[in-house]
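Visitor: Okay, so the sequence shown: first residue is 1052 according to my numbering, each after it adds one.
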Amino acid sequence: MKILQLISISYLAYVSYAAATPQIDEHINVEVEKLPEGLTWEQWHMEHEHQLKKFTPDLFFSLHDTKNRGFLDRDDILSLYGLNRNEVVGKGDGMGQHDESELVDKEIAEKAVKLIMDIMEVDEDGKIMKQEYLDFVKRGGSFPDLGVGVGHHAGFESEYEIHHWNKYHQESDPDVKVVHREDVEHELLHHEHEIEHEEDVQRDVSRATVITDDELESRIAPKKIPMKYRNGL
1052 MKILQLISIS YLAYVSYAAA TPQIDEHINV EVEKLPEGLT WEQWHMEHEH QLKKFTPDLF
1112 FSLHDTKNRG FLDRDDILSL YGLNRNEVVG KGDGMGQHDE SELVDKEIAE KAVKLIMDIM
1172 EVDEDGKIMK QEYLDFVKRG GSFPDLGVGV GHHAGFESEY EIHHWNKYHQ ESDPDVKVVH
1232 REDVEHELLH HEHEIEHEED VQRDVSRATV ITDDELESRI APKKIPMKYR NGL
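(1) Under 8 Å between the Cβ atoms of D1196 and L1086?
(2) If the criterion is Cβ atoms closer than 8 Å, does the pair K1178 and D1124 meet it?
(3) Suppose contacts are defined by Cβ-Cβ distances below 8 Å. Is V1201 in contact with E1084 by that definition?
(4) Is F1112 helix, strand or coil by DSSP?
(5) Look at the alpha carbon of D1156 and the alpha carbon of H1096, and state the distance between them as a whole number of angstroms.
(6) Buried or exposed: where does M1052 fall if 16 or more other Cβ atoms within 10 Å of its Cβ makes it buried?
(7) CB E1183 to CB M1171, shorter than 8 Å?
(8) So for L1103, helix, strand or coil by DSSP?
(9) Can you tell me which of the three DSSP states F1187 falls into?
(10) Taking DSSP's pairing of strands, which residues face L1123 in a bridge?
(11) Just curious, the alpha helix (DSSP H) that V1164 is in, first and last residue?
(12) Is E1098 helix, strand or coil when you go by DSSP?
(13) Out of Q1094, R1190, N1119, point me to the one whose CA is closest to M1180's CA.
(14) Taking only the alpha-carbon atoms, compute the straight-line gap between R1190 and F1106 and give it to the nearest angstrom.
(15) Out of H1101, E1088, F1112, H1099, which has the shortest C-alpha to C-alpha gap to V1188?
Following this line, the structure appears as structure tokens:
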């Protein structure tokens, strides 16, 4: 009972923090995916990301122990919730519309890690041992919905392959003779994202080639200027 109360309190605190934090940076990703009614976050994640409707706590842990060390650490938690990336493109699963709200909020990511460590009541070593997680589950606990989506593990190209290509094209239609709406949507997303990054690179190059008067003056070596051209230097 204690752990369930702790989850409720911690989650409410997290939600309150998120609601009270102003959206200062317009480029920060705003998550729109919502937990389906009737599912726990773990069930939603496993069904959507791993195509598994039935699973054991042991399997859930093993799939997310990314380095097979017998424990989950900060990086594993960030990966589990899809917060280990610098940006979210579209909906994060290879679909969706392209916009500029793509950066992952690093402050929210760190708070998510702290929250999970708190509700698991782990030692100060920052590791969730497998047995600690299994005991947590026996007490009625599960990884909670933090309002950051379903937990896409990979970039949007890999997510497209996981959620669409592998299902409809890999074996039966590798040449994509049958084009689905999802294929068109992904291609548009891919090209719009590519164009945006090309524009960013071009802007950076343009800025790098602009030299101010002060910068130009600092590059002048008076000693190398012939006397007849110095004019009082």
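All residues carry an ideal CB built from backbone N, CA and C; glycine is no exception.
Guide: So, from the listed chains and residues:
(1) Between D1196 and L1086, the C-beta gap is smaller than 8 Å, which places the two residues in contact.
(2) Their beta carbons are under 8 Å apart, which means K1178 touches D1124 by this criterion.
(3) Cβ atoms of V1201 and E1084: closer than 8 Å.
(4) DSSP, reduced to helix, strand and coil, places F1112 within a helical segment of the structure shown.
(5) Using only the alpha carbons, I get a separation of about 20 Å.
(6) Because the pLDDT of M1052 is 42, which lies under 50, any placement of that residue in the model is unreliable, and the question is left without a value.
(7) Contact flag set, yes.
(8) It is coil, neither helix nor strand.
(9) It is helical.
(10) Residue pairing by DSSP puts L1123 in a beta bridge opposite I1179.
(11) That run of the alpha helix (DSSP H) goes 1157-1171.
(12) The three-state secondary structure of E1098, taken from DSSP, is helix.
(13) If we check each option's Cα against that of M1180, N1119 comes out closest.
(14) R1190 and F1106 have their C-alpha atoms roughly 18 Å apart.
(15) Ranking the options by Cα distance to V1188, first place goes to F1112.
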